[in-house]
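Residue numbers (this note's numbering): 1 to 360. Reading through the structure tokens given below for one structure.
Spelled out as structure tokens, the structure:
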């Protein structure tokens, strides 16, 4: 590889660039503002990164801290390695293709193997230059790059859509507290205690403190005592001790499932007064987590019981207002899920395409 690359030998010795231009590279292969303390820092040895450069952290290369610079210039720690494709070879080797090649799990394992036994595992540019790399045709390289760019574009576009929509939802929720009187939800909810005595419900679930259902960490030996959560009902873990200062509560939108008999289950009795998703959005806020922890009772273990749930107060705007806010949230969440899926596919599909291009 050393025949095709050249180190960027440019630093900030003249102090032309300030701390606002300091960036680092995370394990997702993205540039980000530095997390290091910058007070009284000497910026002279910092390295300059230009558009089209490839940058990596030599002590974290095995976990993916390598990125291709697409934006304007920045400066990085002198510990980073910065290089670029030599101009005479840019028609033969694409910097973006090389970045994708170096961001494969196979390469991370190779780095670990090559560093085995080293007192300090740092993969410097000299070692990287010794690497033998395949050279598919420029057209084949570009095909892989185009697929990756398409996935990243979908991801970034949907993240850009989701962020302002989520902010709108939060601002509406905040406004509602001041516009409508708070009312206890007790008159509009009912506790459910349906057991899986005939084992008709096969799906067992737990509830995360991120307010979603998930695979259980353990399954009860006597599952006949498990409680059933029907579609459209809420389930929650009454125990709030040692749970990240949060309450695990979720609204069931999928198929019927069972949860531990220690969990609580309830449903809304009149969905023309409270939209279930609206209630879920309200209890998903950090403020409610703090409230639930404060109102939990017990000694060694603290519990948020159903009677306390009934005393929870929320603003109750007209149902069409609730549904409008919920629809905004659903649009934002859909955009987030599309972005997440595009990110996952880019990590799965591109390495597979690379393998195909390399070995075809």
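Positions of the beta carbon are idealized from the N, C-alpha and C atoms, including for glycine.
Near residue i, what residues of its chain come up, given a Cβ to Cβ distance below 7 Å and the 5 sequence neighbours on each side ignored?
i           : result
residue 225 : 195 and 261
residue 292 : 240, 247 and 304
residue 216 : 204, 205 and 206
residue 91  : 138
residue 12  : 43, 44, 46, 48 and 75
residue 86  : 4, 5 and 6
residue 25  : 31, 55, 56, 57, 65, 66 and 67
residue 134 : 358
Please report how far the alpha carbon of residue i lies from the alpha carbon of residue j, in whole angstroms.
i           : j           : result
residue 108 : residue 149 : 22 Å
residue 375 : residue 312 : Since the displayed the chain opens at 1 and closes at 360, residue 375 lies outside it and no answer follows.
residue 411 : residue 58  : The structure shown does not extend to residue 411, since the chain spans only 1 to 360, so no value can be given for it.
residue 115 : residue 2   : 19 Å
residue 320 : residue 278 : 11 Å
residue 296 : residue 79  : 49 Å
residue 331 : residue 10  : 46 Å
residue 27  : residue 233 : 39 Å
residue 189 : residue 269 : 5 Å
residue 309 : residue 185 : 8 Å
residue 323 : residue 294 : 30 Å
residue 327 : residue 166 : 11 Å
residue 33  : residue 72  : 14 Å
residue 352 : residue 105 : 11 Å
residue 287 : residue 360 : 56 Å
residue 122 : residue 290 : 44 Å
residue 29  : residue 60  : 11 Å
residue 198 : residue 276 : 28 Å
residue 281 : residue 82  : 45 Å
residue 342 : residue 301 : 42 Å
residue 128 : residue 354 : 19 Å
residue 344 : residue 283 : 29 Å
residue 257 : residue 245 : 26 Å
residue 143 : residue 176 : 50 Å
residue 65  : residue 36  : 16 Å
residue 263 : residue 164 : 35 Å
Can you check whether the CB of residue j is closer than 8 Å to the CB of residue i?
i           : j           : result
residue 76  : residue 47  : yes
residue 96  : residue 68  : yes
residue 237 : residue 273 : no
residue 4   : residue 93  : yes
residue 213 : residue 252 : yes
residue 346 : residue 103 : no
residue 98  : residue 54  : yes
residue 173 : residue 201 : no
residue 397 : residue 298 : Outside the displayed span of the chain (1 to 360) sits residue 397, for which this structure offers no information.
residue 339 : residue 158 : yes
residue 161 : residue 335 : yes
residue 147 : residue 349 : yes
residue 192 : residue 265 : yes
residue 183 : residue 325 : no
Taking residue i as the reference, which of the options has the closest Cα?
i           : options               : result
residue 357 : 140, 193 and 86       : 140
residue 391 : 318, 336 and 18       : Nothing can be reported for residue 391: it is not among the residues displayed for the chain, which extend from 1 to 360.
residue 132 : 53, 101 and 71        : 101
residue 50  : 91, 35, 42 and 7      : 7
residue 20  : 178, 230 and 39       : 39
residue 171 : 285, 74 and 209       : 285
residue 210 : 249, 290, 275 and 60  : 249
residue 187 : 142, 316, 164 and 134 : 316
Whose C-beta lies closer than 6 Å to the C-beta of residue i among residues of the same chain, with five residues either side of it excluded?
i           : result
residue 62  : 108, 111 and 112
residue 136 : 357
residue 130 : none
Give a yes or no on whether the minimum CB-CB distance between residue i and chain C is below 8 Å.
i           : result
residue 270 : The structure shown contains no chain C; it is built from a single protein chain.
Between residue i and the rest of its own chain, which residues show a CB-CB distance below 8 Å, the 5 nearest in sequence each way excluded?
i           : result
residue 84  : 5, 6, 8, 50, 52, 53, 54 and 95
residue 23  : 31, 32, 33, 34, 49, 74, 75 and 76
residue 15  : 43 and 44
residue 333 : 162
residue 255 : 203 and 231
residue 243 : 209 and 237
Hey, which unbroken runs of the beta strand (DSSP E) at 3 residues or more fall wholly within the region 38–90? 47–49, 54–56, 66–68, 74–76 and 81–85
Going along the chain, which unbroken runs of the beta strand (DSSP E) with 3 or more residues stay wholly within the region 212–295? 227–229, 234–237, 249–251, 257–259 and 263–268
Runs of 4 residues minimum, wholly inside the region 93–151: which ones carry the alpha helix (DSSP H) assignment? 95–102, 105–114 and 125–129
Jot down the residue ranges of each uninterrupted beta strand (DSSP E) in the region 300–355, minimum 3 residues, whole runs only, in chain order. 313–315
Can you list the beta strand (DSSP E) stretches of 3 or more residues lying completely in the region 149–213, in chain order? 182–184 and 189–191
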